[in-house]
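A.B. asks: For reference, the structure I am asking about is given below.
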Amino acid sequence: MFFPPLLLFFIIIFFFLIIFLFAFLQVGLIGIAFSKLGLPPEYLFGILLLTLLGSFINIPIGEMEGGEVVDSKEVRYFGVRYRLPQIYRRQKTVLAINLGGALMPLLISVYLLYKMSDIIPAFAATLIVTVVVSRLARPIRGVGIGIPALIPPLVAALAAYLLAAPEYRAPVAYISGTLGTLIGADLLRLKDIRNMGAPVASIGGAGTFDGVFLSGVIAVLLS
C-alpha cells in the first residue's frame, strides 16, 4: 500500500532537512553526533532518506470492525417526499504499519537499547513521552490520530536531558521520542480508530510520522 502520510509541501521540507544534515556530515559535525547516538555515522543519510521514502509504504497487518454506518436517503416523486429504507452496515478499517514511521524506528530503537548498558532512563523517558502524547493526540476523522509535530521530540529531548547520562542523552531522546509517539498516539488510540471512518489506519503513518521523524533529527542534534 503506497500513499504519502504528509502533504507534499512537508515532504519537500523534510527532504531538504536531510540534505542539510548530510552537508554537516561532510564536515564531520553530525558524523560525530551520529556515532554518539550509537550508529555508524556513514549510515546517517541512508537511514534518514529510507525513513522518509519508507513513509510511503504501509504494510497491512489486519482489519478492524468500525462503528455502524447508516445509509439513509430521501427521494421526491411527483412532489411527494419518500424516505428510503435505512441500511445499517459496518465499515472495516485496514490496520497497517508504516515502514518509515514505525517499523524502521522500532528496529533502530531495539538496536540502541541493545547497545546501552543502562536502559532504565530510556524506559522512563518513553513513559513520559507516551503519557504526554496520549493526552494531546486527537482523532482526525478520515485520516487517523494527529499530534502536534514538535511536542514528541521536545518532550523526549527534555526527558533525556533530565534522566540520562550525557553519553546516553541522544539515544534516549530517539528511543523515547519514537516509541513514546507510536505507543501514545497509535497503540493506545486503536479504539478511537474504529469510529473515524478511515479506510486505512497506519501505525506511524499520517498524523504521527512527522513527530517520529523529527524525534530522530532532534536526537542527532541533541548529541
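Residue numbers (my numbering): 1113 to 1335.
Idealized CB from N, CA, C, for every residue including glycine.
(1) Could you check whether the Cβ of I1257 sits closer than 9 Å to any Cβ belonging to chain B?
(2) CB A1271 to CB A1236, shorter than 9 Å?
(3) Would you give the residue range spanned by the beta strand (DSSP E) that P1251 belongs to?
(4) Going along the chain, which residues of its own chain have a beta-carbon closer than 6 Å to the beta-carbon of V1329, five neighbours each way excluded?
(5) Distance check for T1163 and I1169, CA to CA, integer angstroms please.
(6) L1274 to D1230, Cα distance in whole Å?
(7) Report all residues from its chain with a CB closer than 8 Å to the CB of I1209; omit the five preceding and five following residues, and keep chain order.
(8) Which stretch, first to last residue, makes up the alpha helix (DSSP H) that contains I1315?
(9) Taking only the alpha-carbon atoms, compute the straight-line gap between L1266 and E1175 and give it to the nearest angstrom.
(10) Any idea which residues DSSP pairs K1204 with across the strands?
(11) I1305 and T1205 look like a contact to me (Cβ under 8 Å); what is the Cβ gap, rounded to whole Å?
(12) Closest to K1303 by CA distance: which of G1292, P1260, A1276, L1207 is it?
(13) Here's the rule: buried if 16 or more other CB atoms are within 10 angstroms of the residue's CB, otherwise exposed. What is L1211?
(14) Start and end of the alpha helix (DSSP H) containing A1297?
(15) Per DSSP, G1258 forms a beta bridge with which residues?
(16) Below 9 Å between beta carbons: does that hold for A1234 and I1159?
(17) For I1305, which three-state DSSP category applies?
(18) Where DSSP assigns a beta bridge to I1209, which residues make up the other side?
(19) List the endpoints of the continuous alpha helix (DSSP H) containing Y1338.
(20) Buried or exposed, going by whether 16 or more other CB atoms sit within 10 Å of the CB of Y1280?
(21) What's the C-alpha gap between L1300 and T1242?
(22) Answer with buried or exposed for L1326, where buried requires no fewer than 16 other C-beta atoms within 10 angstroms of its C-beta.
(23) If A1249 and D1322 are in contact, beta carbons under 8 Å, what's the gap, nearest whole angstrom?
(24) Does DSSP put M1228 in a helix, in a strand, or in coil?
C.D. replies: Taking the definition as stated:
(1) Any reference to chain B falls outside this structure, which holds one protein chain only.
(2) If you number the sequence shown from 1, residue 1271 lands on position 159. If you number the sequence shown from 1, residue 1236 lands on position 124. Contact flag set, yes.
(3) The residue you call residue 1251 lines up with position 139 of the sequence shown. Element bounds for P1251: 1250-1252.
(4) Your numbering for residue 1329 matches position 217 in the sequence shown. Contacts found: none.
(5) Taking the sequence shown and counting its residues from 1, one reaches residue 1169 at position 57. Taking the sequence shown and counting its residues from 1, one reaches residue 1163 at position 51. Rounded to the nearest angstrom, the gap between the Cα atoms of I1169 and T1163 is 10 Å.
(6) Residue mapping note: residue 1274 aligns to position 162 of the sequence shown, counting from 1. Residue mapping note: residue 1230 aligns to position 118 of the sequence shown, counting from 1. Here the C-alpha atom of L1274 lies approximately 15 Å from the C-alpha atom of D1230.
(7) Translated into the one-based positions of the sequence shown, residue 1209 becomes position 97. For I1209, the CB contacts under 8 Å within the same chain, skipping 5 residues up- and downstream, are N1170, I1171, I1173, L1215, S1314, I1315, G1316 in chain order.
(8) As a first step, residue 1315 must be located in the sequence shown, where it is residue number 203. Following the DSSP letters along the chain, one finds I1315 in no alpha helix (DSSP H) but inside the beta strand (DSSP E) bounded by residues 1312-1315.
(9) Within the sequence shown, numbered from 1, the residue matching residue 1266 stands at position 154. Within the sequence shown, numbered from 1, the residue matching residue 1175 stands at position 63. Distance between the alpha carbons of L1266 and E1175 is about 33 Å.
(10) Indexing the sequence shown from 1 puts residue 1204 at position 92. Bridge partners of K1204: E1177.
(11) For the purposes of this step, residue 1305 is identified with residue 193 of the sequence shown, where counting begins at 1. For the purposes of this step, residue 1205 is identified with residue 93 of the sequence shown, where counting begins at 1. Confirmed, Cβ separation roughly 6 Å.
(12) For the purposes of this step, residue 1303 is identified with residue 191 of the sequence shown, where counting begins at 1. When only C-alpha atoms are compared, the closest one is L1207.
(13) To locate residue 1211, count along the sequence shown from 1; it is residue 99. So L1211 ends up on the buried side.
(14) Within the sequence shown, numbered from 1, the residue matching residue 1297 stands at position 185. In the DSSP assignment, A1297 falls outside any alpha helix (DSSP H) and carries neither an H nor an E.
(15) Mapped onto the sequence shown, residue 1258 falls at position 146. DSSP, once it has assigned bridges, lists R1250 as partnering G1258.
(16) As a working note, residue 1234 is residue 122 in the sequence shown. As a working note, residue 1159 is residue 47 in the sequence shown. Against a cut-off of 9 Å, the Cβ pair of I1159 and A1234 comes out as no contact.
(17) If you number the sequence shown from 1, residue 1305 lands on position 193. Secondary structure of I1305 (DSSP, three-state): helix.
(18) For the purposes of this step, residue 1209 is taken as residue 97 along the sequence shown, with counting starting at 1. For I1209, which the question treats as bridged, DSSP gives the partners I1171, I1315.
(19) What the structure shows of the chain is the stretch from 1113 to 1335, and residue 1338 is not part of that stretch, so it cannot be assessed.
(20) Mapped onto the sequence shown, residue 1280 falls at position 168. Around the beta-carbon of Y1280, 16 or more other beta-carbon atoms lie within 10 Å, marking it buried.
(21) In the sequence shown, residue 1300 corresponds to position 188, counting from 1. In the sequence shown, residue 1242 corresponds to position 130, counting from 1. Rounded to whole angstroms, L1300 to T1242 spans 9 Å at the Cα level.
(22) Indexing the sequence shown from 1 puts residue 1326 at position 214. By the C-beta density criterion, L1326 is buried, having at least 16 other C-beta atoms within 10 angstroms.
(23) Along the sequence shown, read from residue 1 onward, the residue named residue 1249 stands at position 137. Along the sequence shown, read from residue 1 onward, the residue named residue 1322 stands at position 210. Not really, about 13 Å apart at Cβ, beyond 8 Å.
(24) In the sequence shown, residue 1228 corresponds to position 116, counting from 1. It is coil, neither helix nor strand.
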